[in-house]
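Chemist:
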Amino acid sequence: EPYLVIDNIKKEFPRRTEAPLRVIDGLDVGVEKGALLSILGPSGCGKSTLLNIINGLDDVTSGRIVINGHEVSVKSRSKLKIGVVFQDSRLLPWRTVKDNVRLPLDELGIDRAEADRRVTYYLNLVGLGDFGDYFPLRLSGGMQQRVSLARGLAIEPDLLLADEPFSALDEITARKLRQEFISIWRATGRTVIFVTHNIREAVFLSTRMLVITPRPARTHLDLDIDVPYP
Ligand code: ADP
Ligand code: ADP
3 EPYLVIDNIK
13 KEFPRRTEAP
23 LRVIDGLDVG
33 VEKGALLSIL
43 GPSGCGKSTL
53 LNIINGLDDV
63 TSGRIVINGH
73 EVSVKSRSKL
83 KIGVVFQDSR
93 LLPWRTVKDN
103 VRLPLDELGI
113 DRAEADRRVT
123 YYLNLVGLGD
133 FGDYFPLRLS
143 GGMQQRVSLA
153 RGLAIEPDLL
163 LADEPFSALD
173 EITARKLRQE
183 FISIWRATGR
193 TVIFVTHNIR
203 EAVFLSTRML
213 VITPRPARTH
223 LDLDIDVPYP
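Right, dumping it as structure tokens:
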């Protein structure tokens with residue numbers, strides 16, 4: 003069985019007077035460990051809904067999702083470690099960069115020495131080894147997004163979810179960070195799912211590309227990409 007299995011999931015939202023809104027209608031995907039999977043689709047097709055479900059924040063209406071042998075649900079959320087990177091960095095402005103990366107480690111009960119090691123390692127990995135004592139608002143948008151990436155990776159997640167992680171950045175910064183993202187992903191060996199509406203970005207970054215149709219979401223195109231970079 004693949005590392006991540008999305009098995010014929012359907013998702014409906016109840017409505018007061020009309021029939022339920024079907025947002026996902028039978029999505030089937032198997033993802034290998036270590037993949038960099040992009041999910042592309044028009045706005046409103048259900049990408050955020052899918053990420054929420056994978057993240058254990060919402061349940062499917064039917065079907066199942068299994069990650070590393072654990073079935074995902076709101077109830078079983080704590081069994082899996084899912085790292086999340088958003089469009090905006092969502093750092094706590096009153097905490098230093100180091101403390102932002104450390105916070106989820108403390109929440110997981112990771113001991114001090116190991117947390118110290120990871121904070122240093124992951125900040126170095128994203129190129130911010132010298133900025134640990136800064137407060138986020140002193141950093142550029144691209145740097146803040148790097149911190150957010152370090153925070154997502156430092157928990158050493160079963161899966162890293164990234165929701166349009168480059169789309170709030172200016173094009174020059176986005177380009178630079180995309181390129182580094184590949185080396186960062188390679189260095190960690192993590193399985194990553196990222197959502198984008200930028201097809202060029204998806205082609206540039208993915209080992210696997212999933213294009214979903216407008217609502218209700220179904221797999222429209224599932225491409226394995228022969229990664230062009232070394
Ligand atoms: P995308 O991320 O691809 O833009 P979303 O997953 O945000 O799409 O939304 C897909 C559809 O589901 C939209 O029509 C949206 O209005 C609807 N939707 C999303 N969340 C809810 C919710 N909690 N309750 C009802 N409808 C929702
Ligand atoms: P093209 O060069 O094919 O005209 P763009 O300049 O629009 O394409 O870039 C395509 C997408 O892939 C953009 O989102 C861009 O950021 C990314 N991209 C292309 N080349 C690189 C590169 N060398 N490094 C980082 N990102 C790149």
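Residue numbers (the UniProt record's numbering): 3 to 232. C-beta: ideal position from N, C-alpha, C; glycine also.
Please work out which residues of its chain come closer than 8 Å, Cβ to Cβ, to Y231, disregarding the five sequence neighbours upstream and downstream, and give them in chain order.
Modeler: Counting from one through the sequence shown, the residue named residue 231 turns up at place 229. Because Y231 sits at a pLDDT of 49, beneath the cut-off of 50, its placement in the model cannot be relied upon, and the following sentence gives the value as read from the coordinates. Same-chain partners within the cutoff: I184.
Chemist: In its own chain, which residues sit with a C-beta less than 7 Å from the C-beta of R17, not counting the 5 before and 5 after it?
Modeler: Taking the sequence shown and counting its residues from 1, the one referred to as residue 17 is at position 15. Contacts found: L23.
Chemist: So, with DSSP's three-state summary, where would you put P232?
Modeler: Within the sequence shown, the letter at position 230 stands for residue 232. Because P232 sits at a pLDDT of 41, beneath the cut-off of 50, its placement in the model cannot be relied upon, and the following sentence gives the value as read from the coordinates. In this structure, P232 counts as coil in the three-state DSSP scheme.
Chemist: Can you tell which of R114, S64, K83 and V205 has the C-alpha that lies nearest to the C-alpha of L161?
Modeler: To locate residue 161, count along the sequence shown from 1; it is residue 159. The shortest Cα separation from L161 among R114, S64, K83 and V205 belongs to K83.
Chemist: Taking the beta strand (DSSP E) that S64 falls in, what are its first and last residues?
Modeler: Here residue 64 refers to the residue found at position 62 of the sequence shown. Element bounds for S64: S64 to I69.
Chemist: What alpha helix (DSSP H) runs, 4 residues minimum, are completely inside the segment 65-144?
Modeler: Counting whole runs of 4 or more residues, the segment 65-144 contains the alpha helix (DSSP H) stretches 99-109 and 114-127.
Chemist: Do the segment 167-176 and the segment 136-143 touch if we need at least three Cβ pairs shorter than 8 Å?
Modeler: Touching, yes, given that three or more Cβ pairs across the two stretches are closer than 8 Å.
Chemist: Which one or two residues does DSSP pair with E14 in a beta bridge?
Modeler: What you label residue 14 is simply residue 12 of the sequence shown in a count that begins at 1. Its beta-bridge partners are R24.
Chemist: Starting from I157, follow its DSSP beta bridges and name the residues at the other end.
Modeler: Counted from its first residue, the sequence shown places residue 157 at position 155. I157 is not bridged to any residue.
Chemist: Is L38 near T198, with beta carbons less than 8 Å apart?
Modeler: As a first step, residue 38 is located in the sequence shown; it is residue number 36 there, counting from the start. As a first step, residue 198 is located in the sequence shown; it is residue number 196 there, counting from the start. No, Cβ-Cβ distance for L38 and T198 is not below 8 Å.
Chemist: Cβ of G48 within 7 Å of any heavy atom in ligand 1?
Modeler: Residue numbering aside, residue 48 sits at position 46 when the sequence shown is read from its first letter. Yes, Cβ of G48 sits closer than 7 Å to a heavy atom of ligand 1.
Chemist: Round the Cβ separation of V33 and G58 to the nearest angstrom and send it over; I've been treating them as touching at under 8 Å.
Modeler: For the purposes of this step, residue 33 is identified with residue 31 of the sequence shown, where counting begins at 1. For the purposes of this step, residue 58 is identified with residue 56 of the sequence shown, where counting begins at 1. So it is not a contact: roughly 17 Å between Cβ atoms.
Chemist: Would the beta-carbon of P159 fall within 8 Å of that of V99?
Modeler: Locating residue 159 in the sequence shown gives position 157, where the first residue counts as 1. Locating residue 99 in the sequence shown gives position 97, where the first residue counts as 1. No.
Chemist: Closer than 8 Å is the cut-off here; do at least three beta carbon pairs connect the segment 113-132 with the segment 79-96?
Modeler: Because the criterion of three Cβ pairs below 8 Å is not met, the segment 113-132 and the segment 79-96 do not touch.
Chemist: So L163 and S40 are supposed to be a Cβ contact under 8 Å. How far apart are they, rounded?
Modeler: If you number the sequence shown from 1, residue 163 lands on position 161. If you number the sequence shown from 1, residue 40 lands on position 38. Rounded, the Cβ-Cβ distance is 12 Å, inconsistent with contact.
Chemist: What residue ranges within the segment 192-219 form continuous beta strand (DSSP E) runs of no fewer than 3 residues, ordered along the chain?
Modeler: Listed in chain order, the complete beta strand (DSSP E) runs (minimum 3 residues) inside the segment 192-219 are 194-198 and 210-214.
Chemist: Classify A21 as buried or exposed, calling it buried when 16 or more other Cβ atoms lie within 10 Å of its own Cβ.
Modeler: Here residue 21 refers to the residue found at position 19 when the sequence shown is read from its first residue. By the 10 Å Cβ count, A21 comes out exposed.
Chemist: Determine the contact status of I8 and L29, defining contact as a CB-CB distance below 8 Å.
Modeler: Here residue 8 corresponds to residue number 6 of the sequence shown, with the count starting at 1. Here residue 29 corresponds to residue number 27 of the sequence shown, with the count starting at 1. For I8 and L29, yes; Cβs fall inside 8 Å.
Chemist: What residue does the beta strand (DSSP E) around S40 start on, and which one ends it?
Modeler: Mapped onto the sequence shown, residue 40 falls at position 38. Taken as a continuous stretch (DSSP letters only), the beta strand (DSSP E) holding S40 covers L38 to L42.
Chemist: Sort out for me which residues DSSP pairs A164 with in a bridge.
Modeler: Residue 164 sits at position 162 when you count from the first residue of the sequence shown. Partner(s): V87 and F196.
Chemist: From R148 to K13, what distance separates their C-alpha atoms?
Modeler: In the sequence shown, residue 148 corresponds to position 146, counting from 1. In the sequence shown, residue 13 corresponds to position 11, counting from 1. Cα-Cα distance, rounded: 33 Å.
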